[in-house]
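Under our numbering, read the sequence shown as residues 3 to 372, first letter to last.
Note sheet for the following structure.
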Amino acid sequence: MDSPAANPPMETPLAAMHRAGGAKLGVWFGCVLPDHFGEWQGEYRFARGSVALLDKNYRAHLCFTGADRVRYLNALLTNNIRDLQTGQGNASLLLTPQGHILAEIEVQALADRLLGVSYAMIRERLIATLEKFIIMDDVTLTDETQVWGTLALEGPRAATVVRGLTGVDITALPELGHAEIPSGKPGLSGRLVRRSPGGVAGAEFLVPRAQLAECWGVLQQAARAAGGGAAGYAALNALRLEQGVPWFGYDFGEKQIPHEAGLQESHISYVKGCYTGQEIVERVRSRGQVNRVRAGLRFAGGEPPAAGAPLLAGGKEAGYVTRAAFSPAAGAVIGMGYLRREHAAPGSQLECAGQAAEVIALPLAAPARP
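Right, dumping it as structure tokens:
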């Protein structure tokens, strides 16, 4: 799937290794990443049934230091940065004054700094925007994107594999909580971040870029020993659609405000005080609804419709598709899109690119494990 970012795309630092191993590469999140390593539905089964290893090197890593770092970010982002304790993290949005989404940023609190994790495809514009608001503040923003790399393990056996490799019980961490990888672990250094897509605890490994290849080898060997292996973005795309997880740059961005994208519960604090775009967010909250919303979709045809394909109701345009893929769990093509509220209820019948479509509730139930 083509990413919405501009050309030329960046490459994961592991691109040469993936190519040498026979992986098919494509562009995801503005970065050249693996589509698959051979057979994507087998890789999907790793994530559903055992453990999948993912190359997530589409990240931007920003470090905030200085005495005013908490106050500064808390005044910009939608979630509560002020009350994060060391070892905790959360997901936030950076909005325009009109309430539109400029960026998704995860913030991790360390004792002496805050780390912001976003997307390398918007890194330059994001840094320029953030620096505009550093005026009289004691804040230093450092771009550490070239310092760190990110790999991940997810699936029902991921927590067991992580514990065996590092001794860290990620199930004891809060969501987006993080911990240092104990020293002395061969091929592993840096920090673990708990992430639980679909409600199943997994871990991201934030490691020095110079050690990415070695870390990949260690994680791949452990994943294979647990009945899993490496997975690419063809599998991940289908899985995240089934889980109802929207992707920044695909399913939400500058065209949307948080309530349209369905992010009002996961990315916004309503008790933290003022931030850029808050007036619009509060106005929508008090009004109780928006005119269009992100919705799940099932398509009758065998080919996923293209991003931007119109969704019709009674022959009239009612919305558009953002992303679609074949879902092994549904046995059909599913996707996400934006619809006018009156057409967004599950069961609503639509048409898209000459095929029937139906609004469905996401996430889908996980397929039964053999």
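Even glycine gets a Cβ: it sits at the ideal position worked out from N, Cα and C.
Predicted model, so just to flag it, every value in this text is computed and none were measured.
Reference residue i; option with closest CA among the options
i	options	result
G251	L299, G339, A315	G339
L265	K58, L78, G32, I103	I103
P260	F39, N81, I136	N81
W87	A22, A77, A113, R325	Per the sequence shown, residue 87 should be read as Gln rather than Trp. Cα-wise, what sits closest to Q87 is A113.
R342	A332, V361, G333, L214	V361
A77	L95, Q90, L64, V149	L95
K274	L79, F66, S191, I107	L79
N59	T14, L75, G166, A224	T14
P10	V29, A22, G290	V29
R287	Y272, T278, R300	Y272
Range covered by the beta strand (DSSP E) that runs through residue i
i	result
N92	91-97
T162	It is not in any beta strand (DSSP E) - T162 instead sits in the alpha helix (DSSP H) that spans 160-168.
G234	Taken as a continuous stretch (DSSP letters only), G234 belongs to no beta strand (DSSP E), as it is neither H nor E.
I107	103-111
E360	357-362
Q351	351-354
W30	26-30
L194	193-197
P36	33-38
Counterpart residues of residue i in DSSP-defined beta bridges
i	result
D57	L153
R325	M338
P210	W150
L116	F66, A111
Rounded distance between the beta-carbons of residue j and residue i, thought under 8 Å
i	j	result
A233	A25	Going by Cβ atoms, the distance from A233 to A25 rounds to 11 Å, so no, they are not a contact pair.
R71	R115	7 Å
G310	V323	7 Å
Simplified DSSP state of residue i, which is helix, strand or coil
i	result
A8	Only weak support exists for where A8 lies, its pLDDT of 47 falling under 50; the value from the coordinates is given anyway. A8 falls in the coil class under three-state DSSP.
L16	coil
Y121	strand
G204	strand
H63	strand
E182	strand
A320	strand
A227	helix
K377	Since the first and last residues shown for the chain are 3 and 372, residue 377 lies out of range.
T88	coil
T144	strand
R343	helix
V295	strand
A308	coil
R300	strand
L314	strand
Residue i - containing alpha helix (DSSP H), residue span
i	result
F48	42-51
H261	260-263
Q280	280-289
R71	71-76
beta-carbon residue i near the ligand FMN non-hydrogen atom, thresh 7 Å
i	result
A334	Ligands displayed in this structure: none; no statement on the ligand FMN is therefore possible.
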